[in-house]
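*Asks:* Here the numbering used here is used: position 9 in the sequence shown is 16, and no number is missing along the way.
Here it is, the structure, as C-alpha cells.
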Amino acid sequence: MKQFVLSAILLIIPSLSLAGGHSGFGGIGTGITVNSEVMEGKSGTLVKNTTDDVWIWDNLPEGFHKATRATCTQFLAFATGQQQPVGFSVTCLSVDPDGDATMSVLAPHDSGRALITQVAGTGKWEAYNGIQFLGGTDIQIDSSTSTYSWKPIN
C-alpha cells in the first residue's frame, strides 16, 4: 500500500509545486522531491512531501531576479484504496538573491490546476501579496522530478 500511495503521490505532487510572483508574468519551474513521509490510518493515508524547486520567471519588472529557488511542502489526503487525493494543500517558501522572501499557498482549483496565492512577501514582493496564479505539471520526468508552469489570473 505504501508503494502504491507513494507512486500516486509522486505523479500528482509536482503539479502542485508553484508559487509567488505578480500580475503580468508567469513562469516555469522544476521540482525535485527530496523527502516523503506517509502516515497510514484506518480509512485513509496522509502524505507530506518536500521539494526543492527552481523557478524561472517571464516578463519580470526591473529589479527582480529571473530565477529563484524555493522549498515547497505538500500535504495530501487519500481515502483507503483511492489513487486520487481527496484533498491537498501546499506551502512554498522562497528567498531571492536580494534576500526578499515570499510565502505562497496552493489549493485545488475547479480547472484541475492548482490555485496559487502569495500570502506574504517582503521587500519588492510585498506589493504583490494576494496575487494569484493557476499552475500545474507540464512534464513528469520520473517519479520524483517534474517541470511545471504557471500563469497569472489577476
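Note that CB positions come from ideal geometry on N, CA and C, so glycine has one too.
1. To the nearest whole angstrom, what separates the beta carbons of Met110 and Val126, a pair I think is in contact under 8 Å?
2. Please list, in chain order, all residues of the same chain as Ser50 whose beta carbon is under 7 Å from its beta carbon, the five residues on each side excluded.
3. Please list, in chain order, all residues of the same chain as Asn56 whose beta carbon is under 6 Å from its beta carbon, the five residues on each side excluded.
4. For the region 151-159 against the region 90-105, do three or more pairs of beta-carbon atoms, one drawn from each stretch, fall closer than 8 Å, so that the two count as touching?
5. Run through the DSSP bridge pairs and tell me what Glu47 is partnered with.
6. Does the distance from the C-beta atom of Ser101 to that of Leu113 stay below 8 Å?
7. Decide if Ser14 is buried, meaning its Cβ has at least 16 other Cβ atoms within 10 Å, or exposed.
8. Buried or exposed: Ile123, going by 16 or more other Cβ atoms within 10 Å of its Cβ?
9. Does DSSP put Gly119 in a helix, a strand or coil?
10. Which residues in the same chain as Val61 place their Cβ atom closer than 7 Å to its Cβ, once the five residues preceding and following it in sequence are excluded?
11. Just confirm the distance between the C-beta atoms of Gly70 and Lys131, as a whole number of angstroms; I'd bet it's less than 8 Å.
12. Does the beta-carbon of Ile146 have 16 or more other beta-carbons within 10 angstroms, so that it is buried, or is it exposed?
13. State yes or no: is the C-beta of Asn136 within less than 8 Å of the C-beta of Gly142?
*Replies:* This is what the structure holds:
1. Within the sequence shown, the letter at position 103 stands for residue 110. Within the sequence shown, the letter at position 119 stands for residue 126. Their Cβ separation, rounded to whole angstroms, is 6 Å, which keeps Met110 and Val126 in contact under 8 Å.
2. Against the sequence shown, residue 50 aligns to sequence position 43. Within the same chain, Ser50 has close Cβ partners Ala86 and Thr87.
3. Position 49 of the sequence shown, counted from the first residue, corresponds to residue 56. If we look at Asn56 and ignore the five residues flanking it on each side, its Cβ neighbours are Ile20, Thr40, Ser43 and Gln81.
4. no
5. As a working mapping, residue 47 is identified with position 40 in the sequence shown. Answer is Thr52, bridged to Glu47.
6. As a first step, residue 101 must be located in the sequence shown, where it is residue number 94. As a first step, residue 113 must be located in the sequence shown, where it is residue number 106. Cβ distance not < 8 Å, so Ser101 and Leu113 don't count as in contact.
7. The residue you call residue 14 lines up with position 7 of the sequence shown. In this prediction, Ser14 has a pLDDT of 44, which is less than 50 and means its spatial position is unreliable; what the coordinates show is noted afterwards. Ser14 should be labelled exposed.
8. Here residue 123 is taken as the residue at index 116 of the sequence shown, counted from 1. Ile123 comes out buried.
9. Sequence index remark: in the sequence shown, residue 119 carries index 112 (1-based). Three-state DSSP puts Gly119 in coil, outside helix and strand.
10. Walking along the sequence shown from the start, residue 61 turns up at place 54. Excluding residues within five positions, the ones whose Cβ falls inside 7 Å are Gly36, Thr37, Ala74 and Arg76.
11. Counted from its first residue, the sequence shown places residue 70 at position 63. Counted from its first residue, the sequence shown places residue 131 at position 124. Rounded, the Cβ-Cβ distance is 6 Å, consistent with contact.
12. Taking the first residue of the sequence shown as 1, we reach residue 146 at position 139. Ile146 should be labelled exposed.
13. The residue given as residue 136 occupies position 129 in the sequence shown. The residue given as residue 142 occupies position 135 in the sequence shown. No; because the gap between Cβ atoms is not below 8 Å, this pair is not in contact.
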